[in-house]
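Engineer: Mapping of the sequence shown onto our numbering: position 10 corresponds to residue 11, and the numbering continues sequentially without gaps.
All C-beta atoms in this analysis are idealised placements derived from N, C-alpha and C, irrespective of residue type, glycine included.
Supplied in structure tokens, the structure appears directly below.
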Amino acid sequence: MKSSKIVQSCFVFFLFILLSSHVYAIDMEIGININNIGINDDGTFNSKVPDFGFDIKVSGAFTEMVSATFTLQRTPFIGNLLKPRLNFSTRNIFFEIGPSISVLNNGTGSTNKGLVSPIQPGFGIGMGVNLDNGFFALFDIDFSLATGKKGSAVFINNGRFEIGARLGQTMFSLSVDQYTRSYSKDPQEMLSSLTDIGLNFEVFSKGSPFRFPFTCVFRILHHDGSQSFTLGAISLSAGLTHHIFYDMAWYTLVEVSLMSFPMINTAATFPTFYKIRSGVRFTL
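Printed below as a string of structure tokens:
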């Protein structure tokens, strides 16, 4: 009951802001992604059957410094998050905060199927700097809150850190992304995590509508449960972003693994995996 009241309060708060404030413009992003990278709650792989994910993001600016963002996100093999956030920004610094609500998440694997977590409250926070000399850094986290209620539940904790710079017509950065899913079913608790350490490059030309991102990723997949193991993999990705108009762009990215290898408690290697992402961004 208490968690339900928290969720309702968050919705009412952000709905009030969106309806009662003057919005200068609305930015939207709709993206889909398909990959076979993930571990089921029971420690098995579904590498031959890809999972589907999506991102729907709506942003509105109320003043030059205050805006709000509403994101519905499904990460393959991890789960669903609803993320309304209030954003504060200046010329070089931004800060955002809001609830991060896990919604309609299922157990995965042959022994854990079925809806186990209709709503799980959480919290999200992000901040970053973007200096005039080209240096930038950011971090963003979402984490679930324990409610004390017994029974099955899915907890999702995601995080991203990135630091980089723009030099001429090239942008490069080092990033760390982690996606963690904890499946609790009394008296068991199973945890799966995916950590990507990426070296990112983006090449562009002034006045050109095209950008070309490239990434080299060192990936760590870890599972704790009835069996525990850690796998590593190295992959490459390449993509294209095309700005059709000033306020509209589409993008696509393809990633394929080059090699995989065991790290802890397993002699098996993760099979060849892939990731495909595509989407569109526009302003209303």
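Using the Cα positions of residue 140 and residue 248, report the straight-line distance between them to the nearest angstrom.
Structural biologist: Using only the alpha carbons, I get a separation of about 26 Å.
Engineer: Who are the Cβ neighbours of residue 197 in its own chain at under 6 Å, not counting the five residues just before and after it?
Structural biologist: The answer, listed in chain order, is 178, 218 and 220.
Engineer: Out of 137, 98 and 251, state which residue places its alpha-carbon closest to the alpha-carbon of residue 280.
Structural biologist: For residue 280, the nearest C-alpha among the options comes from 251.
Engineer: Tell me which residue opens and which closes the beta strand (DSSP E) that residue 285 is part of.
Structural biologist: Careful: residue 285 lies outside any beta strand (DSSP E) and carries neither H nor E.
Engineer: Using the beta-carbon count (16 or more within 10 Å), is residue 207 buried or exposed?
Structural biologist: Result: exposed.
Engineer: Note down the Cα distance separating residue 222 from residue 144, rounded to an integer number of angstroms.
Structural biologist: Approximately 19 Å between the Cα atoms of the pair.
Engineer: Cβ of residue 180 within 8 Å of Cβ of residue 194?
Structural biologist: The answer is yes: Cβ separation under 8 Å.
Engineer: From the DSSP secondary-structure annotation, give me the bridge partner or partners of residue 50.
Structural biologist: Note: residue 50 sits in no beta bridge, so no partner.
Engineer: Three Cβ pairs or more, each shorter than 8 Å: is that satisfied between the stretch 76-88 and the stretch 225-240?
Structural biologist: At 8 Å Cβ cutoff, the stretches do not touch.
Engineer: In this structure, does DSSP put residue 78 in helix, strand or coil?
Structural biologist: Residue 78 falls in the coil class under three-state DSSP.
Engineer: First and last residue of the beta strand (DSSP E) that includes residue 31?
Structural biologist: Counting along the chain, the beta strand (DSSP E) containing residue 31 begins and ends at 27-36.
Engineer: Under 8 Å between the Cβ atoms of residue 210 and residue 243?
Structural biologist: Yes, they are a contact pair.
Engineer: Which complete alpha helix (DSSP H) runs does the stretch 232-274 hold, if anything under 4 residues is left out?
Structural biologist: Taking only runs of at least 4 residues, no alpha helix (DSSP H) segment lies wholly in the stretch 232-274.
Engineer: Assuming contact is defined by CB atoms lying nearer than 8 Å, are residue 103 and residue 123 in contact in what I supplied?
Structural biologist: Yes; because the gap between Cβ atoms is below 8 Å, this pair is in contact.
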